[in-house]
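Chains V and A, in that order, are what the protein sequence lines are.
Just so we're aligned, residue 116 is where the first sequence starts under my numbering, counting upward by one.
Just so we're aligned, residue 18 is where the second sequence starts under my numbering, counting upward by one.
Heads up, the beta-carbon is just placed ideally off N, CA and C, and yes, glycines get one too.
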Amino acid sequence: MADAVDGASGRRARLVAAARPYRVLVGARVSAQRSYRTSFALDLAGSLLVGLVELAEVWVLYRAGHGIGGLDLAAVLLVFGLADVAFSTADLVAGHVDTLPRYLRAGTLDVFHLRPQPLLAQLVTSDISLRRLTRVAVGVAALVAGFALNDLALTPAHAALVLLALTSGTLTFAATFVAAAGVQFFLVDAAEMTNAVVYGGRYAATQPASVWSRPLVALFGFAVPMAFTAYLPALTLLGVPAPWGLPAEVGWLAPLATAWTWAAALLSWRTGVRHYQGGGG
Amino acid sequence: MGDDAVVRAEGLTRRFRVRGRGLARREVVAVDDLTFTIGAGESVGYIGANGAGKSTTIKMLAGILVPTAGTVSTCGLQPVAQRRTLARRLGVVFGQRSQLWWDLPLAESFRVLAAVHGLSAARERERTAELVERMELAEFLASPVRQLSLGQRMRGEVAAALLHSPELLVLDEPTIGLDVVSKQRLREFLLAERAEHGTTLLLTTHDMGDVSRLCERVLLVDRGRLAYDGTLGGLTRTVGLRRVLVVDLATPAPDLRDLPHAEHLTSEAGGLRQRLAFDPGATTAAALLAAVSERAEVRDLSVEEPDVEEVVRQVYVSRGR
């Protein structure tokens, strides 16, 4: 019995010890960013403005008509809120990952090789964009408005689905950053191309997927499963039937999309690193 | 060599495919069939001209590059497959890339690196204090790295690479761009670190001054191939690693011949400027200067180091004989 307790606390101690380098790394980035107060405040304001403009765009688009793709303004606020909170959080934590060529040019990736942590974990924790906090706030506001305008009660099931969608969505977007980084090992000037998928994916995620053309459905519905980050969970929240012959409860399957995206992202990253080291791939 | 080899390279080769015009690809051999062993506690100068393959070799030792052919083991480990274990036992300073955080004070960089390497609080305190004192970092420890001079930053880089007490320290062009005083200070520190902790040193450089002051053994590479592997003394005997004292005199003087351990090379402007070669193993620039001063009044002086290109050329010349 005593052994079992020791085993558990020993595991926890090991876990805490393993997490410490990352905690200190991220902590150092946070304090560095906060030490430039004026520029940090300006960054926060700028990122707030971008968030508001994007929200305004949705409002203009849906205010006039009788909805697009079966969604009215209230419903699309829900989609926008889910997608934007997830994307902005992913961008805050991992957005710098797809600026890999900067790391390659500065030799930072070589330096990562000299430290006893996995390369990808070091890359992710090498920076954090706190200025994105205001964009997360815009997303949260849209999500709350969406809940209120649709008269959705905050039942345990709804809360669980929102949490699941936000967690899966954030991880899915983070995976697209990682996948983009993997590609950039091969094509150092590929940012234009990878941005089309990463930021195009973000935009697609904030819109009703039912109006997409067939190739878009293939790309952002399933290959890069953006529809699962916000649109499908929102339909499940609203109790509206899903397109493409999917059941109404399909929103609960968001984690499947996350797992698929991460599998692809890790394969891309691994292939990229092997290419960089010259070991084939 | 026994099992205490810190680096063991066998037939180590690295080729790169370089893009030419259009789709054409050209293959460049950066490192060509290197075989050498470095024992524990050795201090080895790895020298060669720019583009000789020095940095490529270092990257293979550190697990950053996979060899095209051949094998290498570092601290008894496979560098690529066991990179994370190796990172705890290896320190590398790249002269051209920083492992410090430009917007953090040096002290903060050390704190982060101590966490990265999992040092205990006591070990971190002890080791940081030792390095700060030895490298005289105290006065700029609280300044952000971006505000440091190159010499200060380089001392910070070396201290950062040594924080986790690696058994092998690799320095890739550590003195490039440093002034004479900073170079000297860094060299003295490296000697002390090695004497105290038995750290194995591998130093790539094209500054022969680094090699003659820090290294007992020299590996000379030329176009990726090993051109010489032996003691510094042996290399000196082969090619004569002489330094040159250039003196400007107050008045024209006859050629300064028959000075102890020195050879008169040339005189210019009727004997106003004279060049004297000397063997740093036999005498010092100061002793030679004193001997010159007894015969003529010296107004100005400089000391020239032999350059690596010249050393490589002479190695081939001596082979040809």
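Reference residue i; option with closest CA among the options
{"i": "A:Ala-302", "options": "A:Leu-282, A:Arg-260 and A:Val-334", "result": "A:Arg-260"}
{"i": "V:Val-326", "options": "V:Glu-169, V:Leu-186, V:Leu-140 and V:Ala-363", "result": "V:Leu-186"}
{"i": "V:Leu-350", "options": "V:Gly-122, V:Met-341, V:Ala-338 and V:Ala-363", "result": "V:Ala-363"}
{"i": "V:Ala-280", "options": "V:Ala-320, V:Gln-299, V:Thr-249 and V:Val-313", "result": "V:Ala-320"}
{"i": "A:Pro-161", "options": "A:Glu-190, A:Thr-145 and A:Trp-119", "result": "A:Trp-119"}
{"i": "A:Val-328", "options": "A:Gln-99, A:Glu-174, A:Ala-244 and A:Leu-282", "result": "A:Ala-244"}
{"i": "V:Val-253", "options": "V:Leu-130, V:Ser-146 and V:Leu-159", "result": "V:Leu-159"}
{"i": "A:Ala-22", "options": "A:Ser-90, A:Pro-269 and A:Thr-255", "result": "A:Ser-90"}
{"i": "A:Ile-64", "options": "A:Gly-58, A:Thr-217, A:Thr-74 and A:Ala-98", "result": "A:Thr-74"}
{"i": "A:Arg-290", "options": "A:Val-325, A:Ser-166 and A:Ala-267", "result": "A:Ala-267"}
{"i": "V:Pro-136", "options": "A:Arg-42, A:Ala-132 and A:Leu-318", "result": "A:Ala-132"}
{"i": "A:Val-297", "options": "A:Arg-254, A:Leu-220 and A:Thr-216", "result": "The question names Val, yet the displayed sequence has Pro at residue 297 of chain A. That would be A:Arg-254, whose Cα lies nearest to the Cα of A:Pro-297."}
{"i": "V:Leu-191", "options": "V:Gly-366, V:Val-251 and V:Tyr-177", "result": "Checking the sequence shown, residue 191 of chain V turns out to be Val, not Leu. The residue with the shortest Cα to Cα distance from V:Val-191 is V:Tyr-177."}
{"i": "A:Leu-185", "options": "A:Ser-60, A:Gly-251, A:Pro-269 and A:Thr-88", "result": "A:Ser-60"}
{"i": "A:Ile-81", "options": "A:Arg-43, A:Val-332, A:Leu-107 and A:Glu-174", "result": "A:Leu-107"}
{"i": "A:Thr-216", "options": "A:Gly-226, A:Ala-69, A:Asp-224 and A:Leu-231", "result": "A:Leu-231"}
{"i": "V:His-273", "options": "V:Leu-248, V:Met-308, V:Ala-357 and V:Leu-197", "result": "V:Leu-197"}
{"i": "A:Pro-84", "options": "A:Arg-43, A:Gly-62 and A:Phe-33", "result": "A:Phe-33"}
{"i": "V:Val-255", "options": "V:Arg-152, V:Val-365, V:Ala-132 and V:Phe-195", "result": "V:Phe-195"}
{"i": "A:Val-109", "options": "V:Val-298, V:Ala-134, V:Leu-229 and V:Thr-249", "result": "V:Leu-229"}
{"i": "A:Asp-50", "options": "A:Leu-148, A:Thr-88, A:Val-332 and A:Glu-311", "result": "A:Thr-88"}
{"i": "V:Ala-379", "options": "V:Leu-361, V:Met-308 and V:Ala-290", "result": "V:Ala-290"}
{"i": "V:Ala-263", "options": "V:Leu-248, V:Leu-188, V:Leu-224 and V:Ala-209", "result": "V:Leu-188"}
{"i": "A:Gln-169", "options": "A:Pro-122, A:Val-24 and A:Phe-295", "result": "A:Pro-122"}
{"i": "A:Ala-299", "options": "A:Arg-140, A:Ser-310, A:Pro-277 and A:Gln-95", "result": "A:Pro-277"}
{"i": "V:Gly-210", "options": "V:Ile-183, V:Ala-357 and V:Tyr-314", "result": "V:Tyr-314"}
{"i": "V:Gly-184", "options": "V:Leu-238, V:Arg-149 and V:Pro-358", "result": "V:Pro-358"}
Contact check, residue i vs residue j, beta carbons under 9 Å
{"i": "A:Thr-248", "j": "A:Val-238", "result": "no"}
{"i": "V:Gly-316", "j": "V:Ala-324", "result": "no"}
{"i": "V:Pro-370", "j": "V:Asp-304", "result": "no"}
{"i": "A:Glu-326", "j": "A:Ala-66", "result": "yes"}
{"i": "A:Ala-308", "j": "A:Ala-279", "result": "yes"}
{"i": "V:Val-141", "j": "V:Asp-213", "result": "no"}
{"i": "A:Gly-70", "j": "A:Arg-31", "result": "yes"}
{"i": "A:Phe-127", "j": "A:Ala-177", "result": "yes"}
{"i": "V:Gly-222", "j": "A:Arg-172", "result": "no"}
{"i": "V:Leu-219", "j": "V:Phe-343", "result": "no"}
{"i": "A:Leu-208", "j": "A:Leu-195", "result": "no"}
{"i": "V:Leu-207", "j": "V:Leu-245", "result": "yes"}
{"i": "A:Ser-319", "j": "A:Val-228", "result": "no"}
{"i": "A:Thr-221", "j": "A:Ser-335", "result": "no"}
{"i": "A:Asp-275", "j": "A:Phe-53", "result": "no"}
{"i": "A:Pro-271", "j": "A:Ala-286", "result": "no"}
{"i": "V:Val-365", "j": "V:Leu-381", "result": "no"}
{"i": "A:Glu-125", "j": "V:Ala-156", "result": "no"}
{"i": "A:Ala-86", "j": "A:His-134", "result": "no"}
Residue-level contact to chain C via CB, residue i, 9 Å cutoff
{"i": "V:Arg-152", "result": "No chain C is part of this structure, whose protein chains are labelled V and A."}
The ligand PLP heavy atom lying under 8 Å from the CB of residue i
{"i": "V:Ile-243", "result": "The model on display carries no ligand, and the ligand PLP is accordingly not part of it."}
Rounded Cβ spacing between residue i and residue j (contact assumed at less than 8 Å)
{"i": "V:Asn-265", "j": "V:Leu-170", "result": "Between V:Leu-170 and V:Asn-265 the Cβ distance is about 17 Å, and since that is not below 8 Å, they are no contact."}
{"i": "A:Arg-101", "j": "V:Pro-330", "result": "42 Å between Cβ atoms; not a contact."}
{"i": "V:Thr-204", "j": "V:Thr-287", "result": "With a Cβ gap of about 11 Å, V:Thr-204 and V:Thr-287 do not count as contacting."}
{"i": "A:Ala-79", "j": "A:Val-187", "result": "7 Å"}
{"i": "V:Leu-258", "j": "V:Leu-193", "result": "7 Å"}
{"i": "A:Leu-180", "j": "A:Arg-144", "result": "6 Å"}
{"i": "V:Gly-297", "j": "V:Ser-383", "result": "3 Å"}
{"i": "A:Val-97", "j": "A:Leu-219", "result": "At roughly 18 Å, the Cβ-Cβ gap does not stay under 8 Å, so A:Val-97 and A:Leu-219 are not in contact."}
{"i": "A:Leu-293", "j": "A:Leu-282", "result": "7 Å"}
Could you pull out every unbroken alpha helix (DSSP H) segment of at least 4 residues lying fully inside the region 235–305 of chain A, listed in chain order? 249–256
Looking at chain V, which residues of the region 60–88 of chain A have a Cβ within less than 9 Å of any of its Cβ atoms? Lys-76, Ala-79, Gly-80, Ile-81, Leu-82, Val-83, Pro-84 and Thr-85
Residues in the region 224–239 of chain V having any Cβ partner in chain A nearer than 8 Å: Asp-225, Val-226, His-228, Leu-229, Arg-230, Pro-231, Gln-232 and Pro-233
In the region 129–140 of chain A, which residues sit with their C-beta less than 9 Å from some C-beta in chain V, listed in chain order? Val-129, Leu-130, Ala-131, Ala-132, Val-133, His-134 and Gly-135
Listed in chain order, which residues of the region 98–131 of chain A have Cβ atoms closer than 9 Å to some Cβ of chain V? Arg-100, Arg-101, Thr-102, Leu-103, Ala-104, Arg-105, Leu-107, Gly-108, Val-109, Phe-111, Gln-113, Arg-114, Ser-115, Gln-116, Trp-118, Asp-120, Leu-121, Glu-125, Ser-126, Arg-128, Val-129, Leu-130 and Ala-131
Only counting runs of 4 or more residues, tell me where the alpha helix (DSSP H) segments fall wholly within the region 154–210 of chain V, in order along the chain. Here the runs fully enclosed are 188–209.
Quick check on the DSSP output: what are the complete alpha helix (DSSP H) runs of length 4 or more inside the region 322–378 of chain V, in order along the chain? 346–353
As an exercise, report each continuous alpha helix (DSSP H) stretch of at least 4 residues that is fully enclosed by the region 115–162 of chain A, in chain order. 123–133 and 138–151
Where the region 133–153 of chain V meets chain A: residues whose CB sits under 7 Å from a CB there: Those residues of the region 133–153 of chain V that come within reach of chain A (Cβ to Cβ, closer than 7 Å) are Arg-135, Pro-136, Val-139, Leu-140, Ala-143 and Ala-147.
Within 7 Å of chain A by C-beta, residues of the region 374–393 of chain V in sequence order: Gln-392 and Gly-393
Residues of the region 207–221 of chain V with a CB closer than 8 Å to any CB of chain A: list them in chain order, please. Those residues of the region 207–221 of chain V that come within reach of chain A (Cβ to Cβ, closer than 8 Å) are Ala-221.
Secondary structure, alpha helix (DSSP H): runs of 4+ residues fully inside the region 204–233 of chain A: DSSP runs (the alpha helix (DSSP H)) wholly in the region 204–233 of chain A: 225–231.
Secondary structure, alpha helix (DSSP H): runs of 4+ residues fully inside the region 18–103 of chain A: 71–78
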